[in-house]
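Numbering (this note's numbering), first residue to last: 15 to 142.
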């Protein structure tokens with residue numbers, strides 16, 4: 015019975031990722047983050063997701079990483095307002111994870127930006 019229940023929870027979590035949950039730099043991280051948010055930040059989940067989307071965009075346009083990470087943490091604090099556990103436990107953990115482990119995601123976003131610029135330049139060159 016437990017295994018069946020666990021499978022249902024996992025399927026529901028994966029389905030919710032497919033519908034726009036963007037906190038994490040890969041599907042596993044998105045699943046993990048979504049699960050944590052469901053435990054202690056569920057009422058704030060959509061606002062927190064908006065913060066993650068803004069943070070991803072900040073990385074994508076290659077603003078300084080520290081600016082992106084600071085803005086994320088400030089956004090998360092506002093998003094978690096009114097939820098003491100989310101604000102005092104989860105937000106600091108999210109911020110610590112981003113500050114400690116965010117460099118590869120930032121670097122990958124920069125590589126993706128360079129690839130897109132090269133493709134756009136090649137496409138423009140082919141038209142002329």
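Quick reminder that beta carbons are idealized off the backbone N, C-alpha and C, glycines included.
Check	Outcome
Reduced DSSP secondary structure (H/G/I, E/B, other) of residue 118	helix
Contact check, residue 86 vs residue 94, beta carbons under 8 Å	no
Residue range of the unbroken alpha helix (DSSP H) whose run includes residue 102	Neither: residue 102 is in no alpha helix (DSSP H) and is coded neither H nor E.
Residue 36 in three-state terms, based on DSSP	coil
Outcome for residue 119 when other beta-carbon atoms lying within 10 angstroms are tallied against a minimum of 16	buried
Boundaries (first-last residue) of the alpha helix (DSSP H) holding residue 82	79-93
Same chain, Cβ closer than 8 Å to residue 72, neighbours up to 5 away in sequence not counted	81, 82, 85, 86
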